[in-house]
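The numbering of the sequence shown is the numbering used here, which starts it at 6 and goes up by one.
Note that beta-carbon positions come from the ideal geometry of N, C-alpha and C, so glycine has one too.
Following: one structure in structure tokens, then a few remarks.
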Amino acid sequence: MAEFTMELNDEQREVRDWLHGFAADVIRPAAAEWDEREETPWPVIQEAAKVGIYSLDFYAQQYFDPTGLGIPMAMEELFWGDAGIALSIVGTGLAAVGVLANGTEEQIGTWIPQMYGDPNDVKVAAFCSSEPDAGSDVASMRTRAVYDEAKDEWVINGTKTWATNGGIANVHVVVAVVDPELGSKGHASFIVPPDTPGLSQGQKFKKHGIRASHTAEVILDHVRVPGSCLLGGKEKLDERLARAREKAKASGGDRVKNAAMATFEASRPAVGAMAVGTARAAYEVALDYARTREQFGRPIIDNQGVAFQLADMRTQIDAARLLVWRASWMAINGKPFTAAEGSMSKLFASETAKKVTAQAVQILGGNGYTREYPVERMHRDSAIYTIFEGTSEIQRLVIARTLSGMPIR
């Protein structure tokens, strides 16, 4: 087990500096254009693929960093560049992780390469979980998958929403209900291969922020996929469902719901790191502006009202990063989140990003309110962090339930 440290080693610093250079030289110059276009920045994704950032190998290396700091470090630097473009680059990872976590070796080897393509023909993948009536309440999911034993096929019907890369993806990973009586434990994940009949893109959302990231509904109308597309396979699913039924009988269903919440808990520090990146970017713009902008014959940073805001901004960013790093280290080393440390990191970092970007706009004054300066975009982008991967209200609920041991509602 790696010791917890706040100091990056030489290899991590080298990777961080490499990512920072890409974010500064490639992502940032393109950020305003793709935000205005509200389109997937394919040329930037291709550049990321050419240098090795947009690849499974890169994210696997960071994910298996024994200190746990590889992923949060990478997320912070890329999202420091721009949140919308960064999400377009890392969004495929959501689907890839779903296959890595649940798939067989054959499924991993078959489908993950198709998610990324190659530098000359990049592809993207989509992870489809949320639904119009099932966001935070995953137990309310309605998309159904029914097994057709005669043909060894699964038939999937339903509508997914808020899917990053939904409809434009080469490969979709879809979470569906296979046993409604088991709540979230009755779910399974399926690969929907390219050009499968019945899958189509629904509404593409025109968003407040992260506009360079494609977000849309995915419609599944009698989509048939081979039995081999059930992640983990039928035998493993049947065994898991049988265990879940026994546990549900023994606990009245509470343990089923709590186990689902624990699964989400482990992925939240990465979102916290994204928020830290955006907050840090806005703080740095505000700090530079305050040093150079003069009013009444002196830089505005000479005024306590501005200087104290910057002091608070930097303090909150550093505190958020420490919470993210702690949770990431705990996760990679198998430390239980006895105080919902994953949710703590996501909650504090996301709230910090919203507050810091708003303060940055205020420090820049009228300039901060225009699109001539990037803090306006960063402020819009920051709003997503308190919403996706569990709202701030859900984070507080998870923390409160963990601390109290009570089913707070």
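Leaving aside the five residues that flank ALA130 on each side, the residues in its chain whose CB is nearer than 6 Å to its CB run, in chain order, THR97, ALA100, MET120, ALA174, VAL176. In this structure, ALA280 lies near ALA358, with their beta-carbon atoms less than 9 Å apart. Under the three-state reduction of DSSP output, ALA280 falls in the helix class.
Contact between the segment 213 to 224 and the segment 385 to 403 is established, with three or more Cβ pairs separated by less than 8 Å.
Distance from the CA atom of PRO379 to the CA atom of ASP87, rounded to whole angstroms, is 9 Å. When secondary structure is reduced to three states using DSSP, TYR152 falls in the strand class. Sequence-distant Cβ neighbours of ALA345 in its own chain, meaning closer than 6 Å and more than five residues away, are VAL403, ILE404, THR407. Put simply, the segment 148 to 168 touches the segment 223 to 238. At least three CB pairs are less than 8 Å apart. A straight-line Cα-Cα distance of about 48 Å links ALA29 and VAL151. By the Cβ neighbour-count rule, GLN208 is exposed, with fewer than 16 other Cβ atoms within 10 Å of its own.
Between the segment 132 to 151 and the segment 106 to 121, the count of Cβ pairs shorter than 8 Å is below three; the stretches do not touch. Residue state for ALA217 is assigned as coil, using DSSP reduced to three classes. A straight line joining the alpha-carbon of LYS254 with that of LYS190 spans about 13 Å. Taken atom to atom, the span from the alpha-carbon of PHE301 to that of MET383 is near 29 Å. According to DSSP, TRP159 shares a beta bridge with TYR152, VAL230. Counting only the Cα atoms, ARG147 lies some 44 Å from GLU377. Scanning the segment 53 to 123 from its first residue to its last, the whole alpha helix (DSSP H) runs of 4-plus residues come out as 61 to 68, 75 to 86, 88 to 107, 110 to 121.
Straight-line spacing of the CA atoms in TYR64 and ILE76 works out to 7 Å.
Inter-segment contact for the segment 327 to 347 and the segment 69 to 85 is present: three or more beta-carbon pairs are separated by less than 8 Å. Per DSSP, reduced to three states, the secondary structure at LEU408 is helical.
The C-alpha of ARG326 is placed about 26 Å away from the C-alpha of ALA35.
Where SER333 is concerned, the enclosing alpha helix (DSSP H) starts and stops at 309 to 337. Cβ neighbours of VAL95 within its own chain (closer than 6 Å, five residues either side excluded): none. According to DSSP, SER194 shares a beta bridge with VAL180. In this structure, LEU187 lies near ARG250, with their beta-carbon atoms less than 9 Å apart.
Restricting attention to VAL182, GLU19, PHE84, the CA atom closest to the CA of THR283 is found in PHE84. The Cβ-Cβ distance between ALA168 and THR45 does not fall below 9 Å. Apart from the 5 residues on each side of it in sequence, ALA7 sits with its Cβ closer than 8 Å to the Cβ of PRO71, THR72, GLY73, TRP334, ILE337, ASN338 in its chain, given in chain order. Under the criterion of beta carbons closer than 8 Å, GLY277 and VAL311 do not qualify as touching, at roughly 27 Å. Rounded to the nearest whole angstrom, the C-alpha separation of ARG18 and HIS25 is 10 Å.
Shown here for TYR294: same chain residues with a beta carbon closer than 6 Å to its own, the five before and five after excluded, namely LEU369 in chain order. If you ignore the 5 residues before and after ARG298, its C-beta comes within less than 7 Å of the C-beta of PRO304, ILE305, all in its own chain and listed in chain order. Bounds of the beta strand (DSSP E) holding SER205 are 204 to 209. Pairing VAL361 with MET411 gives a Cβ-Cβ distance that is not under 9 Å. Nearest neighbour of SER134 by Cα position, chosen from ASP184, ASP153, VAL179, THR115, turns out to be VAL179. Going by C-alpha positions, ALA181 is about 6 Å away from SER194.
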